[in-house]
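If you read the protein sequences in the order shown, they are chains A and B. Following the numbering used here, the residues of the first sequence are numbered contiguously, the last one being 969. Following the numbering used here, the residues of the second sequence are numbered contiguously, the last one being 434.
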Amino acid sequence: MTDTKGKVVGVNGNMVSVGFEGVVSMNEVAFIILGNKRLKAEVIRIRGNTAELQVYEMTRGIGIGDVVEFTGELLSVRLGPGLLKQIYDGLQNPLPNLAEKCGFFLERGEYIYPLSTSLRWKFTPSVKPGDSVTAADTLGTVPEGIFEHHIMVPFNFYDTYTVKSVKPGGEYTIDETIAELADSRGKIRPVTMSFEWPVKRPVSHYVQKIKPGKPMVTKSRIIDTFLPVALGGTYCIPGPFGAGKTVLQQVTSRNAEVDIVIVAACGERAGEVVETLKEFPELKDPRTGKSLIERTIIICNTSSMPVAAREASVYTAVTLAEYYRQMGLNVLLLADSTSRWAQAMREMSGRLEEIPGEEAFPAYLESVIASFYERAGIVQLKNGKIGSVTIGGTVSPAGGNFEEPVTQATLKVVGAFHGLSRERSDARKYPAIHPLESWSKYTGIIDKNQTEYGRQILFRGNDVAQMMKVVGEEGTSTDDYILYQKSEFLDSIYLQQNSFDPVDSAASVERQKYVYGLIFDVLGSQLNIQTKEDARAFFNGLRQNFLDWNGTGWQSEEFKKLEDTIRKQIADRKTGFEPAAAEILKNLAS
Amino acid sequence: MRKVYSKIESIAGNVISVVAEDVRYGELAEITSAHGKSLAEVIRLSGKNVSLQVYSGTRGISTGDEIRFLGHPMQVSFSDDLLGRIFNGSGRPRDKGSDLTENLIEIGGPSVNPAKRIIPRNMVRTGIPMIDLFNTLVVSQKLPIFSVSGEPYNELLARIAMQAEVDIIILGGMGLKYDDYLFFRETLENGGAMSRSIFFVHTASDPIVECLLVPDIALAVAEKFALNSKRVLVLLTDMTNFADAMKEIAITQEQVPSNRGYPGDLYSQLASRYEKAVDFEGAGSITVLGVTTMPGDDVTHPVPDNTGYITEGQYYLRGGRIEPFGSLSRLKQLVNKDTREDHRALMDGMIKLYAAYKESLEKKSMGFRMSDWDNKLLKYGELFEKGMMDLSVNIPLEQALDNGWKIFAECFTKEETNMRSELISKFWPNT
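Below, the structure is given as structure tokens:
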């Protein structure tokens with residue numbers, strides 16, 4: 380709390396103007412005192428003796444002359460053990476605790492400490508007195524669920540410190556001092572298990588950023604095989620409403636092979652968060668056998684919650700992600716949806732009467748989006764370990780038109796683009812990622828030449844389909860028709876995936892490689908087919924068997940039986956290999 | 004006694020400004036002019052300058068009119084006395100009944116804590132096969148009907164209201180044609196549902212600001228009833244008028260427009276209303292059914308577009324029928340597994356064949372040759388449209404499912420339907 384005192388001089392929507400005397404810093408947190416309530420706000424502009432604040436709560440009832448207290452601190456999150464399994468709002472208030480206190484509704488001005496202060500954590504020290512440490516160095520560990528949570532030197536300790544004392548192994552709460560550090564001038568600073576860090580400042584306590592290379596497995600075939608995402612990479616999912624953005628995010632949050640998933644529901648439907656909220660404790664993480672919620676943090680600021688806190692929610696989420704990255708873990712942050720955050724910026728910009736850019740979004744939209752995605756990355760930590768933050772953001776373009784500013788600003792900075800199409804979702808082809816328009820700059824789990832061959836078939840098959848619409852089936856040559864059938868075949872049994880089927884919803888890397896190998900065989904084969912009816916019958920039969928195959932457990936009896944049938948089906952018609960495909964296989968073998 | 008001000012500094016659009024002290028943001032004031040009294044709401048404070056939005060419009064307001072601040076935000080009376088009554092957008096009686104002033108509640112309250120929400124699990128039966136069978140409406144769902152002017156969307160709303168098994172129906176009418184208002188009143192009266200209905204109606208000729216209040220008042224009342232363990236159905240027609248009212252007001256206030264003149268917070272404004280739909284654990288529920296007319300039948304227009312991102316699906320009403328394509332109930336999966344075992348399979352099977360029918364129809368219109376299969380599909384499409392899509396069909400879900408099987412049997416062999424064999428052996432009609 381600083382000595383600066385202010386008084387409200389104007390209210391316009393969720394923006395409050397405050398006249399002050401003393402010192403005010405940009406982006407510091409202030410509280411507007413309204414009776415017995417304290418409403419959190421952030422300074423977003425200073426002009427002379429007037430500061431403009433965006434208020435994280437409803438502003439109804441605020442009057443001229445109301446007292447404002449300035450804290451002198453930037454909007455921060457509290458970091459420490461106990462973050463996992465939590466459900467926070469954008470300002471890191473634990474929602475279940477808030478519900479206990481206030482009942483059904485989110486009462487404004489209620490803030491609850493984000494971490495439990497009574498829970499005792501079993502601390503094992505890893506330093507001893509006399510050791511020299513700097514920010515983000517590990518002082519000891521506590522077990523947090525399935526992870527070893529590192530208790531680190533607070534990130535804002537910028538000096539080099541000597542450990543004066545450290546508590547022996549035992550159980551402590553997050554508020555107890557576990558170590559004392561002396562800075563270079565000999566001043567002693569006590570350290571607890573938790574500390575605060577401003578959300579808008581990236582955590583940069585690492586040796587270097589590395590180029591993302593290793594794929595992040597999502598178990599979605601179209602993503603892993605054709606449009607891969609790398610650990611520490613970024614990707615975006617734009618799509619019109621109803622195209623399945625949120626379902627895709629939910630499936631990814633379940634299946635992704637990472638250590639920790641942070642779900643930031645930013646300005647979207649509350650109902651969808653509830654599904655995650657209620658289902659995750661019941662679902663098992665196949666990698667650990669524990670429930671999925673043990674590796675999840677949910678940040679939710681749904682569409683009817685105060686708009687200003689939307690921006691805070693994505694920053695809160697990415698800061699928590701960076702914190703766990705510092706322990707050498709791979710973290711996936713799913714933000715749904717970044718458009719709502721951009722809209723929140725637009726609202727505020729309008730209130731500040733800034734000169735509007737395209738579609739009234741502020742001119743700084745692009746740089747803000749860019750600096751958010753740039754917080755992703757795979758890094759080498761000081762202790763040699765590797766940690767990563769992968770960011771996947773959905774975009775909700777107005778009218779489903781990807782030309783709008785938020786989509787375009789996002790496309791400039793991400794490494795993969797998974798564009799959803801209305802056409803595909805209307806045809807119930809899920810996931811509705813458009814295989815031809817989307818792209819990825821990362822390396823996937825399958826040889827690039829092989830997947831490129833598949834993509835070419837999709838392109839050419841699409842051309843044939845367009846042509847057929849004009850000239851009809853009668854006017855299409857049998858060769859072209861076979862090509863078209865091949866592309867439809869690849870689409871329906873590989874690109875499409877049933878996210879409600881227990882087996883089909885998650886395809887392991889091993890399985891994808893195996894199945895795609897067989898599909899490549901079909902795509903690259905010259906087939907003994909004379910008529911279009913014949914082609915249709917052959918591919919229908921093959922498709923049916925592949926669909927059943929996708930639903931059988933990996934290497935189960937049934938799986939093997941169906942595989943035999945399929946291989947026979949192919950062998951019956953195969954007369955040879957297309958030269959290009961043979962070339963790819965030859966290169967692959969060598 | 005609060006101070007009375009009698010000097011209006013400026014009047015622009017529906018907004019007046021006065022110099023006043025000790026005024027709070029969102030507070031109400033009462034303006035007494037030569038044409039009667041009107042409420043106004045504080046929408047901006049800047050030093051001593053207070054801007055107020057006048058509910059009944061500023062026409063005829065003079066700079067010397069009296070303004071008295073009431074010291075509280077907009078409120079509405081809540082009690083069982085509301086049932087069977089009709090009010091206007093600012094909560095004043097529209098029927099000949101008395102003004103209600105007891106037990107006042109604030110409108111536009113805080114949103115529900117997501118941690119207290121539950122996964123919806125009960126269906127709302129409407130007797131319309133295109134809804135019950137293909138896109139089931141679920142308690143606590145928020146769903147708009149996307150339509151164009153001239154379609155019978157109000158008739159559809161009224162019918163769902165009459166047939167839905169709910170305790171209380173609240174109609175929020177915005178920019179309603181007077182005829183439509185009379186239609187709703189007559190239909191509910193004739194159907195004997197008026198005693199469990201409450202109307203908040205803003206007609207097209209009423210002051211524009213009142214249009215903005217309708218959803219808030221309707222939903223505030225609905226919320227109280229729901230907390231008192233009532234199942235409430237809220238009908239909002241037409242939300243495009245609501246958005247247009249917002250646009251009109253934003254522009255007269257010189258706000259920077261974002262998309263086709265609509266204010267930048269259109270999404271948040273719509274969301275804060277639709278998100279009131281909720282199922283309270285251990286209490287009642289609110290289901291919101293809205294109408295969004297699409298100007299020019301364009302679904303990418305900002306109003307339907309933003310609505311689509313907020314709501315849990317939509318019904319397309321076109322040509323007097325609910326379209327099977329495009330219509331979607333996001334929550335149907337949560338309930339249609341527990342109705343009857345053939346529900347999901349029949350739903351998918353019938354739609355797939357109807358899609359095939361559409362393809363055949365297209366082929367036919369382009370002059371391609373019709374195969375036997377095409378002819379079967381053509382017959383099927385016709386029966387499907389008559390037996391399922393026609394809005395005059397009014398049957399419970401179970402009967403609709405039986406009819407589905409009958410249509411199948413009339414057009415196809417068992418194998419051609421692609422239904423699972425155990426379902427065929429159980430439900431295929433014996434002829």
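Backbone N, C-alpha and C fix where the C-beta goes; we use that ideal spot for every residue, glycine too. Nothing here was measured: the structure is a model prediction, and the numbers come from that model.
Of all alpha-carbon atoms in B/Ser152, B/Val141, B/Glu189, the one lying nearest the alpha-carbon of B/Arg162 is that of B/Glu189. Bridge partners of B/Arg234 according to DSSP: B/Ser288. The residues Ile412, in chain order, have a CB closer than 6 Å to that of A/Val446 in the same chain once the five nearest residues on each side in sequence are set aside. Annotation: Cβ neighbours of A/Lys657 in chain B (cutoff 7 Å, chain order): Ile122. Distances from the CA of A/Thr695 to each of A/Lys386, A/Leu454, A/Thr675 were compared; the closest alpha carbon is that of A/Leu454. Contacts with chain B at 8 Å (Cβ-Cβ) include A/Ile466. Note that the segment 708-723 of chain A touches the segment 772-781 of chain A; at least 3 beta-carbon pairs, one per stretch, sit closer than 8 Å. Annotation for B/Ala359: Leu380 place their beta carbon closer than 8 Å to its own, counting only its chain and skipping 5 residues before and after. Within the segment 601-644 of chain A, the runs of alpha helix (DSSP H) at least 4 residues long that lie entirely inside it are, in chain order, 624-634.
Considering only beta carbons, the part of the segment 471-485 of chain A lying closer than 8 Å to chain B consists of Leu474, Pro475, Leu477, Ala478, Cys481, Gly482, Phe483, Phe484, Leu485, in chain order. Closest in alpha carbon position to A/Gly851, among A/Asn966, A/Asn828, A/Gly650, A/Lys911, is A/Lys911. Straight-line spacing of the CA atoms in A/His797 and A/Met846 works out to 26 Å. Per the Cβ contact rule, the segment 699-710 of chain A is in contact with the segment 742-760 of chain A (3 or more Cβ pairs under 8 Å). In this model, A/Leu498 and A/Met531 are separated by some 19 Å (Cα to Cα).
Judged by DSSP secondary structure, A/Glu575 falls within the beta strand (DSSP E) whose first and last residues are 574-577.
For B/Lys119, the chain A residues whose C-beta falls within less than 7 Å of its own C-beta are Ala478, Phe483, listed in chain order.
The C-beta of B/Gln258 comes closer than 8 Å to at least one C-beta of chain A. Here B/Arg372 carries a coil assignment [DSSP, helix/strand/coil]. Collapsing the DSSP output to three states places A/Thr556 in coil. No Cβ of chain B is located within less than 8 Å of the beta carbon of A/Ile491.
Looking only at A/Phe534, A/Gly482, A/Lys416, A/Thr503, the smallest Cα-Cα distance to A/Val456 is reached by A/Phe534. Per DSSP, the continuous alpha helix (DSSP H) segment holding A/Phe938 begins and ends at 936-952. About 24 Å separates the CB atoms of A/Ile963 and A/Arg922; that is not less than 8 Å, and the two are not in contact. Three or more Cβ pairs closer than 8 Å define a contact, and the segment 653-664 of chain A falls short of that threshold against the segment 131-142 of chain B.
Contact fails between the segment 673-680 of chain A and the segment 600-607 of chain A, because fewer than three Cβ pairs, one in each stretch, are under 8 Å apart. In the three-state DSSP reduction, A/Lys566 falls in the coil class, being neither helix nor strand. Ranked by Cα distance from A/Asp927, the options A/Phe918, A/Phe917, A/Phe938 are led by A/Phe938. Close to A/Gly414, with beta-carbon spacing below 8 Å, lies no residue of chain B; the smallest spacing is near 11 Å. Contact between A/Ala691 and A/Leu470 holds, since their C-beta atoms are separated by about 6 Å, short of 8 Å. Secondary structure note for B/Gly407: its alpha helix (DSSP H) is the uninterrupted segment 400-414. At least one C-beta of chain B is nearer than 8 Å to the C-beta of A/Glu738. Looking at the DSSP output, A/Met394 bridges to A/Asn391, A/Gln433. Only exposed fits A/Gln835, as fewer than 16 other CB atoms lie within 10 angstroms of its CB.
Between the C-alpha atoms of A/Asp859 and A/Leu837 there is a straight-line separation of about 12 Å.
Taking 8 Å as the cut-off, the Cβ atoms of B/Val217 and B/Phe202 do not count as close. Close partners of A/Met531 in chain B (Cβ separation under 9 Å) are lacking, with about 30 Å as the shortest Cβ gap.
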